[in-house]
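> Protein chains in written order, with the working numbering: chain H, 1 to 259; chain E, 1001 to 1715.
Handing you a structure now.
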Amino acid sequence: MKIAVLIKYVPEATAAWRFAEDHTLDRDSVDGRLSELDEYAVEQAVRLVEAGSATEISYLTMGPARAVDAVRKALAMGGDRAVHVLDDALHGSDAVGTASVLAAALRRMEFDLVIFGMASTDAEMSVLPVMVADLLRLPAVANAVTLRVDGSALTAERETDDAIEEVVAPLPALVSVTDRSGEARYPSFKGIVAAKKKPVTTWSLSDLEIAPERVGTAGAATEVLAVRPSPPREAGTVIVDEGDAAVRLAEFLAANKLL
Amino acid sequence: MALRMILGLVMTGLAFTVAGRRLAMLVRLGRVAQPVEPGRTRGGAARLRAELTEVLGQRKLLTWTVPGLAHVLAFWGFLVLGLTVIEGYGALFQRDFHLPLIGNQPWLGFLEDLFVVATLASVLIFAAIRIRHSPAREGRGSRFFGSHLDAAWLVLFMIFNVVWSLVLYRGAQINTGNFPYRSGAFVSEAVARLIRPLGATGNDVVETAGLLTALGILLLFLVLVVHSKHLHIFTAAGNVAFGRRPRALGALLPVYSAGKPVDFEDPGEHDRIGRASIEDFTWKGLLDFATCTECGRCQSQCPAWNTGKPLSPKSLVMDLRDHALAAAPYLLAGAKSRVDALAAAAAQTPLVGTDGVIHPDVLWSCTTCGACVEQCPVDIEHVDHIVDMRRYQVLMESSFPPEAGVLLRNLEHAGDPWGRGAGARTEWTAGLDFPVRTLDGDRLPDDVEYLFWVGCAGAFDDRAQRTSRAVAQLLHTAGVRFAVLGSGETCTGDPARRIGHEVLFQQLAAQNVETLDSAGVRRIVATCAHCFNTLANEYPQLGGNYEVLHHTQLLARLVADGRLTPVTPVDATVTYHDPCYLGRHNRIFTPPREILGNLPGVRLAEPERTREKSFCCGAGGARMWLDETLGTRINEKRTDELLETGPDMVAAACPYCVDMLADGVALRRQQGRAGTHVTVTDVAEILLRAVHDPAAPPTGADRPAPITADDPGRT
Ligand code: SF4
Ligand code: SF4
């Protein structure tokens, strides 16, 4: 059984993000990394291989040239090869554009199961898994916490607010996993060295036979009109105990309708 | 005569064959190991000095007065009695043999007999120590807990036998007229008087029998020595000669494979990273293990062992030695398939693992405090070996306590252990009534005298932020022109390196060296003992050479120069805790004491374990970010030791120590075991209080706020 894992290169969460003239994130000004939430997807795929349920893992990413860092990180955790969709015309793509590119790439790859992280840690839209599934006409299981594959079916557990659902889907299928699916492994140096030797294929839009004007800023159905920094957090209230701390604490909670 | 000669030579031949084969095996085992890193033979003068002071002068042994003196007697006894062995062998061939030139001098006879007495005295003292501090009586508290006790007693018994048979022979020699000394040998003479009644023939027999017995026991002893912990008699001098100088503390060594530094960018196919198995150690490592005397000095000071954790540096070394010997037949065999099954199994036991030679709990309990290295009389390099084993576990196996994963990810992604990120690095300056100059662009302005290295704790930890502000305030008051790197600073890499992640250390360190060099930094002052150690001792390995001062050094100098004047009495009993990485690792003991000692109203109280023997707070070796689930807590033990001095204030000079001890004191206060007024603080904050004139209006945000141990915000 072959697995394709979708991964994204995102800006470091703790770094200061800057936006370019066209209101897109200035990727050159900030260090990036493999999205933390995608690490869980990689982990699940590697575990399926370790358990003997799967034989091969290919990664797929779409992003700037530096996105190959995220690919190498995933390959250091495990897996066999990767595809990087790289094209200047992709700059500014919205979710629909991105989904169509990823679907087109997946059509050219062999897989029985596609695994996504539950969302990216930068845009946090969490729509791509289902959009891609829709384009590929695949059954989709979103936000799974455990995965099991036997023969021709995927069995996944989903945690909802009041129940744990068990969902069975025939393969090929698409699934997204949450951060509760199991601690992602820390790649060893041995893994990092091995990852440098694994093949990473680069595909352009023409390789995928996608017209440039359908994607990127040109093809986006949405437009960012303005970007503003979020207002700084206001300092909290500090209650110094002068014998009446409990009373003042209660008053504070009551005033904020928490009591 | 002929009988004497033949028996003597046969015994010698036999013993030399047995001992020789053993030694040859040990040498071949050393050859299987990796070559040492360069530098082990450089610095001849320092090495000679170490031989003179530590081997001949027994310096480290003498830090423990009674056992030290006993060992001096035994050591010098053996050297001097070596002469009697030569005399004895001479007497095999010629009954009245004497050493050339000085061989008839009465003083030499006296000296030999004096050391006969000395050796006997040492045996008695050692026996008394072993009885008094036996593990049976003291349990884990005994430094002999875990040592091979039977072998040690056997050795003492053998020395005792050598001594009595020697004087018996010498006494008989006097009576038969073959003794080289006419006078001086007072013990031999007394024995001679005792056995004179045996007559001429009797004394003839006793002379030969005594000589053969003495040599026989000595030869047996030789065989025993090469098979036991007493091997140190032969290896200690060599081990000291090839040890790291001045000591195996401070910097950790880079990762070497086959004697060459590993290039992590482009590692060689056959590079061995860290220690995966016993033959990955260098021959000096194996020599360390072979040299351990099982004295347990290291164990007695180890914070892990003293708080009921499974790690004892002594047991660790002994386990590695026992494993090396058990695996030796396999490691040395040409045809591996024909090796004894037990040896093959031993050789294949993983070095680290729950079923391995070293249990992971042992490996991860070490705080790298260096107390063991400091104590070890034969200069064994425990910390290096522990970190080398961690390196393999972390880099090649990704095997470490799960909490460490959070630390490593934070360091990798945010550049600090807390995961706060560079943007928050100047938050600590809020509330200061003067602007702190921050690196803006590439270079620091030329008038900046010191770069103030704030450190991650100093930037993000509540208590340490106060120290940062106190130091900034003091430097500002003294008119020192300083600047900080602000968001240009990242973790020095100390926790990454000490947990074994050398690659991450190299990345962080290279980034800092680049920033520092391009900013034109020459002089650095750091408040964190760990940052200080890494900047001063480890960055030179990456080509970063700076003059690094700890804040206590700079502040002590400013006080001495009159640029800071303590005016306000502090009126408190203060006890000072030596941070491991400031004291033991870097020998900075005086400046913090100078600062505190010169403050009006301060009474300085030294804890029992202090200076070189200071006891770790529990945070070093990246233990700050690991859970402490085994045994009792190190910080509580150290807190209790400090509280015994009856302090009003506990002072330290490292943010991690302050944090650990503040937690300890807060707990003891809660339990009613410490006065509610007892506080924990950095030396700088106490100085700031004293420098601050109470008549002047408060300026800095922290002045003159009370210093409390149970600061909110600590999780
Ligand atoms: S460095 Fe400290 S904690 Fe580690 S073994 Fe030595 S004494 Fe024990
Ligand atoms: S390692 Fe050193 S201090 Fe520890 S028992 Fe061995 S010889 Fe003694």
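The C-beta atom is built at its ideal place from N, Cα and C for all residues, glycine as well.
Quick caveat, the model's predicted, so the values are computed rather than measured.
Closest Cβ-Cβ distance between PRO229(H) and chain E: below 8 Å?
No - not a single Cβ of chain E is within 8 Å of the one on PRO229(H).
> Quick one: using the 10 Å Cβ neighbour count with 16 as the cut-off for buried, is ASN256(H) buried or exposed?
Label assigned to ASN256(H): exposed.
> How about THR1403(E) and TRP1625(E): are their beta carbons less than 8 Å apart?
The sequence shown places Glu at residue 1403(E), not Thr. A contact, by the Cβ cut-off of 8 Å.
> Thinking C-beta only, is GLN1465(E) closer than 8 Å to GLY1458(E)?
Yes; because the gap between Cβ atoms is below 8 Å, this pair is in contact.
> Does ARG1714(E) come out as helix, strand or coil in the three-state DSSP assignment?
Because the pLDDT at ARG1714(E) is just 35, under 50, the model does not fix this residue reliably, and the value given afterwards should be weighed accordingly. Residue state, collapsed to three classes: coil.
> Can you tell me which of the three DSSP states GLY1139(E) falls into?
DSSP places GLY1139(E) in helix when its eight states are reduced to three.
> Consider the C-beta atom of VAL1383(E) and the heavy atoms of ligand 3; say whether any pair is separated by less than 7 Å.
This structure does not include ligand 3; its bound ligands are ligand 1 and ligand 2.
> Any C-beta of chain H sitting closer than 8 Å to the C-beta of GLY1458(E)?
By this cut-off, GLY1458(E) is not an interface position.
> When the distance is taken between beta carbons, is PRO1310(E) closer than 8 Å to CYS1372(E)?
No, these two residues do not count as a Cβ contact at 8 Å.
> PRO1106(E) lies in the beta strand (DSSP E); which residues open and close that run?
It is not in any beta strand (DSSP E) - PRO1106(E) instead sits in the alpha helix (DSSP H) that spans 1106–1132.
> How long is the line joining the alpha carbons of ALA1091(E) and LEU1331(E), rounded to whole angstroms?
Cα-Cα distance, rounded: 43 Å.
> Verify the CB distance criterion: does ALA267(H) have a CB-CB separation below 8 Å to chain E?
Past the boundaries of the shown model lies residue 267(H); chain H is included only from 1 to 259, so the question cannot be answered.
> In three-state terms, what does DSSP make of LEU1688(E)?
It is helical.
> Have a look at the DSSP bridge pairing and note the partners of TYR59(H).
Paired residues: VAL5(H) and ALA82(H).
> Check ARG18(H) in the structure and name its three-state DSSP category.
Residue state, collapsed to three classes: coil.
> Assuming ALA74(H) and VAL42(H) form a contact by the criterion Cβ under 8 Å, report the distance between their Cβ atoms to the nearest whole angstrom.
Confirmed, about 5 Å.
> Could you say if the stretch 204–217 of chain H and the stretch 95–107 of chain H meet the contact criterion of at least three C-beta pairs nearer than 8 Å?
Cβ pair count under 8 Å is three or more, so yes.
> Could you list which residues in chain H have their beta carbon closer than 8 Å to that of GLY945(E), in chain order?
For residue 945(E) there is no data in the structure shown, the boundaries of chain E being 1001 and 1715.
> Short check: CB of HIS1585(E) to CB of CYS1617(E), under 8 Å?
In this structure, CYS1617(E) does not lie closer than 8 Å to HIS1585(E) by Cβ.
> Whose Cβ in chain H lies nearer than 7 Å to the Cβ of VAL1503(E)?
What VAL1503(E) touches in chain H: PHE189.
> Please confirm if TYR186(H) has its CB atom under 8 Å from at least one CB of chain E.
Interface residue, yes.
> Within the continuous alpha helix (DSSP H) that includes ILE1595(E), where are the two ends?
Taken as a continuous stretch (DSSP letters only), the alpha helix (DSSP H) holding ILE1595(E) covers 1590–1597.
> State the start and end residues of the unbroken beta strand (DSSP E) segment that holds ALA1651(E).
Its beta strand (DSSP E) spans residues 1649–1652.
> Taking only runs that begin and end inside the stretch 201–251 of chain H, name each unbroken alpha helix (DSSP H) of 4 or more residues, in chain order.
Complete alpha helix (DSSP H) runs here, min 4: 216–219.
> Quick check: the stretch 1160–1167 of chain E against the stretch 1229–1247 of chain E, are at least 3 beta-carbon pairs closer than 8 Å?
Touching, no.
> Between which two residues does the alpha helix (DSSP H) containing VAL1484(E) stretch?
Per DSSP, VAL1484(E) belongs to no alpha helix (DSSP H); it is in the beta strand (DSSP E), 1482–1484.
> For VAL141(H), name the three-state secondary structure that DSSP assigns.
Strand at VAL141(H).
> Measure the C-alpha to C-alpha separation of ALA254(H) and ALA13(H) and round it to an integer number of angstroms.
Taking the straight line from one Cα to the other gives about 34 Å.
> With a threshold of 8 Å, are at least 3 pairs of Cβ atoms found where one atom belongs to the stretch 22–29 of chain H and the other to the stretch 1434–1441 of chain E?
No, they do not touch.
> Name, please, each residue of chain E whose Cβ falls closer than 7 Å to the Cβ of VAL193(H).
Per Cβ cutoff of 7 Å: PRO1267.
> Measure the beta-carbon distance from SER176(H) to PRO129(H) and round it to whole angstroms, keeping in mind my assumption that it falls under 8 Å.
Rounded, the Cβ-Cβ distance is 4 Å, consistent with contact.
> Chain H beta carbons: is any one of them nearer than 8 Å to that of GLY1419(E)?
Yes - at least one Cβ of chain H is within 8 Å of the one on GLY1419(E).
> Mapping DSSP to helix, strand and coil, what is PRO1261(E)?
Strand at PRO1261(E).
> With a threshold of 8 Å between beta-carbons, can LEU1439(E) be considered close to chain H, or not?
No, LEU1439(E) lies away from the interface with chain H (no Cβ there is under 8 Å from its Cβ).
> Does any CB atom of chain H fall closer than 8 Å to the CB of MET1396(E)?
True, the Cβ-Cβ gap to chain H drops below 8 Å.
> So who's on the other strand from GLY1431(E), going by DSSP bridges?
The partner list for GLY1431(E) (beta bridge, DSSP) is empty, contrary to what the question assumes.
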